[in-house]
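Quick note: the sequence shown uses UniProt numbering, first residue 1, plus one each step. Everything on this sheet refers to the single structure shown next.
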Amino acid sequence: MPVNVIDSHVHLYSKSYSQDGRLPLVSQSSQLNDEFRLDEYKKVISESSKHKVEGLIFIEICVDSGLSYEGWKYPIEEYLYVERIILGIPKIGEGSDLSGKDFIKGIVPWAPIPQGVTKLKEYIQKLKTQSLDPKTFERVKGFRYLFDGLPPGSILEQNYIDSINWLAQNGFVYDLGLNIRQDGNRQLKEVIELLQKTENVTYILNHLSKANLSLSSKDVYNNLDFKEWQSLVERISQNTQSNKIYIKFSGGFPELPDEIAQDDDLTESIARIEPWFKTFVDNFPKNQIIFGSDWPIAVKKINFHETWVKWVKITDYLIDKYGLNPEDFYKNNVVEAYNLN
């Protein structure tokens, strides 16, 4: 049965931005070096989705950035790009869709979290002062600074902890980007420590922590790293303290081997994703698990029309099997997580 959707994880950019070096992730993939604007997204979902997508959360796309004033340039420009889409005044080449005001429900920009509270506040002030309309900032629901590839212990540095606590004190969520496939389970161990040092923070864990979906469905349950990962997820769920963690069901296709992602038979895709999904469902409240498409990063494997259809089929199968409410999973939990009311 069709349900209403707020997509919690969407990246938007125009092709011109993908060609000037500001998007390192995009430059690594010819498929991503294209137009992925709001009008493109809406065209795809109108043609592909059995559900009705009412809106999206814009998530920063790892623009070239750094912990200096110069390093803030592209993240600020990315925010201003989204603002123009919301205000209906895109520049030439940025798209023709003028429905951003109603469709983009929330924004999660990049932020210099490791620089500490003073610099974080200064950065946010720059977003506000360079804005064309101060009211746009009301759509900023949180911030993200990826944990991927950081040296061990980085997330436990005092500046990092202070910044995350400050976000919570000022009504913002923190989108937590891990990559256990690349960096291993030590990231989850550090999250357990982090939870003891932060208070009343709403964390939104991206992409199932970037699960290692290279593990076959036959091997995963006997894999020692997976067993340790399961144990760590359980420990995290039991040690949130005053914090709250939402689990974002997104980012599956980029982690699957190409031949699996491209297969029209979804049996093996589901079999590889299910153990990781089930672990979160077993350990977290069902109203803290949310849907995200990770558009257009999933296009790295197959075209997005196919990706959307496949991801929704996988999602519908899993939420039905494990008894999650579709209306909550696709929309209501997203509204709650990002404080969209």
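The beta-carbon is built from N, C-alpha and C at its ideal position, and this holds for glycine as well.
Whose C-alpha, out of 214, 264, 251, 199, is nearest the C-alpha of residue 7? Restricting attention to 214, 264, 251, 199, the CA atom closest to the CA of residue 7 is found in 251.
Reduced DSSP category for residue 248 - H, G, I as helix; E, B as strand; rest coil: In the structure shown, the three-state DSSP call for residue 248 is strand.
Please report the residue range of the beta strand (DSSP E) in which residue 202 lies. Here the beta strand (DSSP E) through residue 202 covers 202–205.
From the DSSP output, in three-state form, read off residue 54 for me. Strand at residue 54.
Among 135, 66, 201, 313, which has the Cα closest to the Cα of residue 169? Taking the Cα of residue 169 as reference, the smallest distance to any Cα among 135, 66, 201, 313 is reached at 201.
Drop a sphere of 10 angstroms on the beta-carbon of residue 264, count the other beta-carbons inside from all chains shown, and report buried for 16 or more, exposed for fewer. Around the beta carbon of residue 264, a 10 Å sphere encloses fewer than 16 other beta carbons of the protein chains shown; the residue is thus reported as exposed.
From the DSSP output, in three-state form, read off residue 37 for me. Residue 37: coil per DSSP, three-state reduction.
Three-state class that DSSP yields for residue 108 in the structure shown: Of the three classes helix, strand and coil, the one that applies to residue 108 here is strand, per DSSP.
Report buried or exposed for residue 342, applying the criterion of at least 16 other Cβ atoms within 10 angstroms of its Cβ. No statement about residue 342 is possible, as the shown extent of the chain runs from 1 to 341 and does not include it.
Residue 86 and residue 101 closer than 8 Å at C-beta: Their beta carbons are under 8 Å apart, which means residue 86 touches residue 101 by this criterion.
Could you give the residue range of the beta strand (DSSP E) that holds residue 287? Counting along the chain, residue 287 falls outside any beta strand (DSSP E), and DSSP gives it neither H nor E.
Which same chain residues end up closer than 6 Å to residue 215 when comparing Cβ atoms and leaving out the 5 residues on each side of it in sequence? A distance below 6 Å between beta-carbons, with the five flanking residues on each side excluded, links residue 215 to the following residues of its chain, in chain order: 223.
Going by DSSP in three states, residue 144 sits in which element: helix, strand or coil? In the structure shown, the three-state DSSP call for residue 144 is strand.
Assigned exposure category for residue 212 - 16 Cβ within 10 Å defines buried: Around the Cβ of residue 212, a 10 Å sphere holds 16 or more other Cβ atoms; the residue is buried.
Is residue 379 helix, strand or coil when you go by DSSP? The first residue shown for the chain is 1 and the last is 341, placing residue 379 beyond what the model contains.
On a Cα-Cα basis, can you pick out the residue from 284, 127, 331 that is closest to residue 72? When only C-alpha atoms are compared, the closest one is 127.
Short check: CB of residue 210 to CB of residue 266, under 8 Å? Residue 210 is not a Cβ neighbour of residue 266, given a cutoff of 8 Å.
Suppose contacts are defined by Cβ-Cβ distances below 8 Å. Is residue 83 in contact with residue 144 by that definition? Their beta carbons are not under 8 Å apart, which means residue 83 does not touch residue 144 by this criterion.
Neighbourhood of residue 134 by C-beta distance below 8 Å, restricted to the same chain and skipping five residues each side: Correct list, in chain order: 128.
What's the gap between the Cα of residue 316 and the Cα of residue 2? Take the alpha-carbon of residue 316 and the one of residue 2: they are about 10 Å apart.
Residue from 261, 279, 57 whose Cα sits closest to the Cα of residue 236: Out of 261, 279, 57, 279 has the C-alpha closest to the C-alpha of residue 236.
On the CB-based measure, 16 or more other CB atoms within 10 Å of its CB, does residue 297 come out buried or exposed? Looking at its Cβ environment, which holds 16 or more other Cβ atoms inside 10 Å, residue 297 is buried.
Roughly how far, in whole angstroms, is the beta-carbon of residue 195 from the beta-carbon of residue 243, given that I think they are within contact range, below 8 Å? Contact between residue 195 and residue 243 holds: CB atoms are separated by about 6 Å, below the 8 Å threshold.
Can we say the region 276–294 touches the region 322–329, given the rule of at least three CB pairs closer than 8 Å? Under the three-pair Cβ rule at 8 Å, the region 276–294 counts as touching the region 322–329.
In whole angstroms, give me the CA-to-CA distance for residue 123 and residue 111. Inter-residue distance for residue 123 and residue 111 is about 7 Å (C-alpha atoms, whole angstroms).
Taking the C-alpha atoms as reference points, what is the distance between residue 269 and residue 40? Counting only the Cα atoms, residue 40 lies some 26 Å from residue 269.
Give me the DSSP bridge partner(s) of residue 295. Per DSSP, 10.
Where do the ends of the alpha helix (DSSP H) carrying residue 258 lie? Where residue 258 is concerned, the enclosing alpha helix (DSSP H) starts and stops at 258–261.
Any chance you could list the beta strand (DSSP E) runs of at least 3 consecutive residues sitting entirely within the region 52–88, in chain order? Qualifying beta strand (DSSP E) stretches, in chain order: 52–59.
Between which two residues does the beta strand (DSSP E) holding residue 174 run? First-last of the beta strand (DSSP E) with residue 174: 173–176.
Alpha-carbon to alpha-carbon, residue 107 and residue 306: A direct Cα-Cα distance of roughly 26 Å separates residue 306 from residue 107.
Under a three-way DSSP split, which group does residue 5 fall into? DSSP places residue 5 within a strand segment (E or B) once states are collapsed to three.
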